[in-house]
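The structure appears below as structure tokens.
Numbering (mature numbering (1 follows the signal peptide of the UniProt record, and there is no 0)), first residue to last: -39 to -1, 1 to 81.
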């Protein structure tokens, strides 16, 4: 060109400033994402009532261990069904027996899931 600046054209200094600004923003973005990754690795501990292990079976009884160290021993399947049979009417007994089946199914599934989780 003839040395005159055309509106909209960038001078060499402006081009350099834009490149430096882009590099600075990219660096800050990378550092920021690294900080997020670092923060994600330093998690708060889980709630105290988090189940960490389930052992046993429905016949002999389950043992449920929690993150805070407490342990729960739900009744065996036979004890739970016996308690259901003490209900005063047929509908309540049926509901209770269904709840017992669902509870023991869920305990069995939780035991399997925790087994997989502990392997990793």
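We treat Cβ as the ideally placed atom computed from N, Cα and C, and that holds for glycine.
- DSSP places residue 59 in no beta strand (DSSP E) but in the uninterrupted alpha helix (DSSP H) bounded by 51 to 80.
- Here the alpha carbons of residue 61 and residue 41 stand approximately 7 Å from one another.
- Straight-line spacing of the CA atoms in residue 11 and residue 33 works out to 12 Å.
- Residue 66 is classed as exposed because its beta carbon has fewer than 16 other beta carbons within 10 Å across all chains shown.
- In the structure shown, residue 47 falls within a coil segment according to DSSP collapsed to helix, strand and coil.
- In the structure shown, residue 11 adopts coil according to DSSP, grouped into three states.
- A contact between stretches requires three or more CB pairs, one per stretch, nearer than 8 Å, and the stretch 72 to 79 fails this requirement with the stretch 46 to 56.
- Here the alpha carbons of residue 4 and residue -19 stand approximately 34 Å from one another.
- Taking a C-beta distance under 8 Å as the contact criterion, residue 27 and residue 15 do not qualify as a contact pair.
- CA-CA distance, residue 77 to residue -10, rounds to 35 Å.
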